[in-house]
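Some notes on the structure that comes next.
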Amino acid sequence: MRHLRLALLLAAAVVPPAAAQTQKADLLTPPSDARHFTISSTAGKHGDVWSWTLPDGRIAYRMSMSLRGWVTETDEVVRLGPDQRPTELAVRGFTDSGDATENFSVDPGGIAHWKTVVDSGEKPFGSARYNSYGGPWLAGELDINALVAAGPAGLDLLPSGHASIAIGAPVEIDGPGGKKVVKLAQISGLGFSPSPVWLDAQNHYFGSAGVLALLPAGFEAAGPKLKEIQDKAAADMVREVAHSFLAPANRTPTLIAHVLVFDSVGGRYLPDQSVLIADGKVAKLGPASSIRAAKDVTVIDGHGRTLLPGLWDSHQHVGDDWNLLQNVATGITNYRSPGSSIEDAQSIFKRRAAGDLLAPDGKVSVIIDKKDPLAAQMALTVSSEAEAIAAVRKVKAAGMWGVKFYTSMDPAWIAPAAAEAHRLGMHVHGHVPAHMRPLDAVRAGYDEVTHINFILMQGMPQAVVDKANTAARLEGPAQYGKDLNLDAPEWRAFYAELARRKTIIDPTLSTWEPLMTSDGSAVPLDYAAYADIAPPAVARGWKIGGYPLFGGLTRDDFRKSFDKMVEVVGRLHQAGVPIVAGTDGYGLEIVRELELYEKAGLTNVEALQTATIVPARMVGMADRVGAIAPGKTADILLVEGDVSKDIGNLRHVRTVFLDGYRLDGDALRKASGLSGMPK
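Each residue of the sequence shown is one higher than the one before, counting from 13 in the working numbering.
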């Protein structure tokens, strides 16, 4: 759900609504001879992008995509100057999150002007190149080709930033015309990490691969091979980083002295403690005066700092090596992935165990969905109850921890598939399928419900429930959530049954807050502390305007509905329903998630437990992690400040202990693409 305007990253820009949003019927129609690219995944085709040249020489693009009901319909027209830089650019249409209008031009005096739905500005054009906020993904080819032409020096960007490209060795893939030579290239400067794209033999843009692939029509089958190659290249780069951190010198005994310790099991803070770490474990914990350092022990002064169990992100779709590195820099030492590919998960497990990947430790579920145009793009897709059960067995055989059912699943298949998962000792969770309410899913075998909007589905009109595999899964709660009486008898009975069944809830409030409350005037609170230390293109992409308004609703209505989402988390907690903290994002959002739990009524300690001991118990790892105690694995976080007084101090990571390795916070941030300490 976290998007940038980086066609090379294959993510759709989240932009806000505007009064004059262009409708689909008004967008350009590609001619029959237009260049044609498709957007696809292992689950099938999701969209199309075309490009052609207009009679006046301008270049036109048209994009049409539907991802699980989230629709994008945009076009873009670009005029290039003599030096092949855009001098005019216009984007129209809408993405899955609203109006995509964007305009750029250069006046006769050489001043560049731009206006998007989140920003506007002007600067001397000079030698810089405008980096678009939105638009059809294929339009990024113009920028990529320009980076190739610029060579090692790269290009200065407007509104700000600098980018360059490095080109790798050629490989062959199969296509409709036979063999095709392509080259993997890495772009630096636009994201936290190098961004992979594919060039043809002449070093022109060929396509992009990933969970989603943007490739010329006919080359869809090459997507998995290209992803495999670029994943290996990323693994090679990250291996060097891992080896530099996971060195023997960083695993010598360490004493953190005179520090405030968070006791996640006892639910309290222990002042003026000392903690000795040795051989990858907590060796001693006690009052500062009771533990003395030997000569060979590294001593860290804990005055004014807080020591906590490493954080969990219980909704982290792992797969990207660089993002896992940034998770460690954020203080996340453990995760639960609610949906990764089997191949990605196995690769992560293997390389982490070998010391070739700097990453948190965790457990992985695999998504199972009905074969359908609205199927999840990372899912194992099935067409019958028998196939659903077979998919569960496949996930178990691959060594995964759980299965996650998705919104297009046939409700009749949930109970038998969940029963098989339980028979095999697996965790069952997921989105609530269309036509089901959360309590239906729980009674059919869910151990956990993912996302707070699906909890609100318990009180939605049937017409919304029946379309929960479309945008209705957000639009329904946005429209009707504000009017829910969360203290009504039926809601109290709902909380009580969830508590009795010990059903876990993974709210991901920080996912919905920007979409429902942002108006484009500021960086969302998820990211505000990181905006000044992130690459400019990333920080610009964080500034969004929220989900598009509809049906006469106002942004204030949306905000009231989000407040109900926060409120229901508090009701669930009060009833005794276990809550686990997850982001469904970068992982940087984890502290905001905990701040929202405090807003819901959880205490500071209770909020922290949702990101420490509670998820450790959920996945069966509480005997090793989730708490600071003698004999436990040293997955520990040291931060500046007193977390008992301000949970936001969790962002100020000073040192991370990962499997007992002592990792410097500043060095971790630099390696993960952050330029300093968050505000």
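Glycine included, C-beta positions come from ideal geometry on N, C-alpha and C. All of these numbers come straight from a predicted model, not from anything done at the bench.
- Looking only at THR615, ALA619, PHE570 and LEU614, the smallest Cα-Cα distance to ILE602 is reached by ALA619.
- Counting the other Cβ atoms within 10 Å of the Cβ of PRO350 gives 16 or more, which makes it buried.
- Residue burial annotation: GLU184 is exposed, with fewer than 16 other C-beta atoms found within 10 angstroms of its C-beta.
- Here the alpha carbon of ASP671 sits roughly 5 Å from the alpha carbon of ALA646.
- DSSP lists GLU460 as the beta-bridge partner residues of ILE516.
- Here ALA225 has SER52 and GLY235 as same chain residues with Cβ atoms under 6 Å from its own Cβ, once five neighbours each way along the sequence are excluded.
- Cβ atoms of GLY122 and PRO136 come within 8 Å of each other, at about 6 Å.
- Nearest neighbour of GLY105 by Cα position, chosen from ILE640, ASN115 and HIS585, turns out to be ASN115.
- C-alpha of GLN389 to C-alpha of GLY56: approximately 8 Å in a straight line.
- Out of TRP554, VAL129, ASP452 and THR342, the CA that lies nearest to the CA of ALA679 is found in THR342.
- Only exposed fits PHE562, as fewer than 16 other CB atoms lie within 10 angstroms of its CB.
- At the C-beta level, GLY201 and ALA175 come within 7 Å of one another.
- When the beta-carbon positions are compared, ALA429 and VAL407 stay at least 7 Å from each other.
- Listed in chain order, the non-local C-beta contacts of ASP495 below 6 Å within the same chain number zero, local neighbours out to five positions each way being set aside.
- In the three-state reduction of the DSSP assignment, ASP212 falls in the strand class.
- Contact between the stretch 518-531 and the stretch 585-605 is established, with three or more Cβ pairs separated by less than 8 Å.
- CA-CA distance, ILE289 to PRO299, rounds to 15 Å.
- Beta-bridge annotation (DSSP): GLU355 is not paired with any residue.
- Taking C-alpha positions only, ARG636 is separated from GLY138 by approximately 57 Å.
- Rounded to the nearest angstrom, the Cβ distance from ALA391 to GLY81 is 14 Å, too far for a contact under 8 Å.
- Remark: fewer than three beta-carbon pairs, one from each stretch, lie closer than 8 Å, so the stretch 544-552 and the stretch 488-503 are not flagged as touching.
- Beta-bridge analysis with DSSP links ARG583 to no other residue.
- Going by beta carbons, GLU100 and SER117 fall inside the 7 Å limit.
- Residue state for PRO98 is assigned as strand, using DSSP reduced to three classes.
- Annotated three-state conformation of ARG666 is strand, per DSSP.
- About 26 Å separates the Cβ atoms of VAL83 and ARG70, ruling out a contact at the 8 Å cut-off.
- Distance from the CA atom of THR566 to the CA atom of GLY532, rounded to whole angstroms, is 14 Å.
- A contact between stretches requires three or more CB pairs, one per stretch, nearer than 8 Å, and the stretch 432-450 meets this requirement with the stretch 465-485.
- Taken in chain order, the unbroken stretches of alpha helix (DSSP H) that lie wholly in the stretch 381-450 and span 4 residues or more are 397-409 and 423-435.
- Beta-bridge partners assigned by DSSP to LYS375: ARG348.
- Bridge partners of ASP186 according to DSSP: LYS191.
- Between MET438 and GLY457, the C-beta spacing is not below 7 Å.
- A direct Cα-to-Cα measurement between VAL194 and ASP60 gives close to 21 Å.
- Here VAL376 is buried, its C-beta having at least 16 other C-beta atoms within 10 Å.
- The C-beta distance from ASN143 to TYR217 rounds to 16 Å, too long to meet the 8 Å contact threshold.
- With contacts defined by Cβ atoms closer than 7 Å, VAL250 and ASP373 do not form a contacting pair.
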